[in-house]
Amino acid sequence: MKSLAVILGSAFKNSIPDKLGLQPIEVDTRWGQQTIYGGTADNGRKIYALIRHGSPHHLLPHQINYRAQAAALKAVNCGALVINSSVGVLTEELPLYQPLLLTDQLMPENRLPDGSTCSMFQEPTEQQGHLVLNEGLFSEALNDQLYNRHSDSICQADNVVFVYAGGPRSKTPAENRMWAQLGGHVNSMTVAPEVVLANELEIPVAGLVVGHKYSMPDIENPPEEEIRETLVKARTATKDILVDFLEHGKPVAFGNHIYRY
1 MKSLAVILGS AFKNSIPDKL GLQPIEVDTR WGQQTIYGGT ADNGRKIYAL
51 IRHGSPHHLL PHQINYRAQA AALKAVNCGA LVINSSVGVL TEELPLYQPL
101 LLTDQLMPEN RLPDGSTCSM FQEPTEQQGH LVLNEGLFSE ALNDQLYNRH
151 SDSICQADNV VFVYAGGPRS KTPAENRMWA QLGGHVNSMT VAPEVVLANE
201 LEIPVAGLVV GHKYSMPDIE NPPEEEIRET LVKARTATKD ILVDFLEHGK
251 PVAFGNHIYR Y
């Protein structure tokens with residue numbers, strides 16, 4: 001039976017693993033050891049949570065071992081993955097503090113923070129191939145599953161394009177204007193590598209994000225708040241959806257394919 005998994009960002013720490021009684025598991029991969037939190041849902045399905053920045057939070061975006069994380073999820077037979085993140089919003093057409101489902105991605109250079117190609121295929125193997133995007137990086141079936149169960153809380157937006165703006169620094173006003181002009185709607189310092197690598201491992205992916213600030217200099221934000229407070233709001237907006245997915249979600253078919261010679 002395929003398992004379900006979520007990747008959690010800065011806002012969460014151990015809140016979902018604690019709520020669901022998930023226990024830390026060390027998974028050995030060729031990219032290094034990775035901690036994930038695992039357990040069993042009431043229906044008998046294995047469920048997992050991965051805390052991208054570590055617990056306690058100690059990894060900056062460019063310090064994350066993205067390949068080890070992806071390999072660990074493959075090792076536990078993940079059949080559907082929901083990636084969560086707090087994001088900056090680049091357009092007033094999208095609300096803050098309301099969950100959004102990603103539909104596309106801008107990652108101009110397909111590279112990890114260390115400069116290497118964003119791929120699990122670093123040397124020739126029988127498993128390597130070209131990731132062919134028949135439906136895109138985000139699973140339509142998984143997006144539909146999440147939206148159908150939570151249409152009352154997920155923003156009804158036909159197109160939410162994610163921009164990968166690698167950290168660890170914030171982006172300049174000129175950079176954010178550029179991303180918006182290129183068609184981006186939200187951005188953050190993570191997510192994109194996780195999406196690409198999971199697809200190479202044939203794991204269907206959904207991106208469930210929530211805006212905690214407007215990143216465009218011409219858009220006025222709500223009254224000044226500490227980043228910590230906005231992350232709490234972001235966590236509150238998505239926590240129930242992520243918990244429900246782990247408790248009641250279902251794996252979906254992989255909509256892309258790996259072309260192998």
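As numbered in UniProt numbering, the sequence shown has no gaps in its residue numbers, which increase by one up to the final residue, 261.
Ideal Cβ positions, reconstructed from N, Cα and C, are used throughout, including at glycine.
Since we're looking at a predicted model, the values are computed, not measured.
Please classify Ala253 as buried or exposed, where buried requires at least 16 neighbouring CB atoms within 10 angstroms.
exposed
If the criterion is Cβ atoms closer than 8 Å, does the pair Arg52 and Gln33 meet it?
no
Start and end residues, beta strand (DSSP E) containing Leu146
Segment Glu140 to Arg149 is the alpha helix (DSSP H) holding Leu146; no beta strand (DSSP E) there.
Which one or two residues does DSSP pair with Asn84 in a beta bridge?
Leu208
Given that a residue counts as buried once 16 or more other Cβ atoms are within 10 Å of its Cβ, and exposed if not, what is Gln105?
buried
Evaluate Pro108 with the Cβ neighbour count: other Cβ atoms within 10 Å of its Cβ, from every protein chain shown; 16 or more gives buried, anything less gives exposed.
exposed
Quick check on DSSP: helix, strand or coil for Tyr66?
helix
Pick helix, strand or coil for Ile154, following the three-state DSSP scheme.
coil
Beta strand (DSSP E) runs wholly inside the stretch 95-138, at least 3 long, in chain order:
99-101, 104-106 and 130-132
Quick check: the Cα distance between Asp18 and Gly183, rounded to an integer number of angstroms?
38 Å
Helix, strand or coil at Asp42 according to DSSP, with G and I counted as helix:
coil
What residue range does the alpha helix (DSSP H) around Val196 cover?
Ala192 to Glu200
Taking DSSP's pairing of strands, which residues face Phe162 in a bridge?
Gln105 and Val186
State the CB to CB distance for the pair Ala180 and Thr91, rounded to an integer number of angstroms; the pair is presumed to be in contact (CB under 8 Å).
7 Å
Residues in the same chain with beta-carbon distance under 7 Å from Ser85, minus the five sequence neighbours each way, listed in chain order, please.
Gly9, Ser188, Thr190, Val191 and Val209
Report whether the distance from the Cβ of Tyr261 to the nearest heavy atom of the ligand COA is below 7 Å.
Annotation note on the ligand COA: not contained in the displayed structure, which lists no ligands.
With DSSP as the reference, label Lys13 as helix, strand or coil.
coil
I'd like to confirm the pairing. Which residues does DSSP put opposite His257 in its beta bridges?
Val132
DSSP beta-bridge partners for Pro24?
Tyr37
Could you say which of Glu26, Leu101, Pro113 and Leu102 lies nearest to Ala71 if we only look at CA atoms?
Glu26
At what residues does the beta strand (DSSP E) containing Val6 begin and finish?
Ser3 to Leu8
Kindly indicate which residue of Gly136, Glu194, Val161 and Ile83 has the alpha-carbon position closest to the one of Pro113.
Glu194
What first and last residue would you give for the alpha helix (DSSP H) that runs through Pro217?
Taken as a continuous stretch (DSSP letters only), Pro217 belongs to no alpha helix (DSSP H), as it is neither H nor E.
Grab the span of the alpha helix (DSSP H) containing Pro173 for me, first residue to last.
Pro173 to Gln181
Quick one, which of Ser215, Pro24 and Lys46 has its alpha-carbon nearest Gly54's?
Pro24
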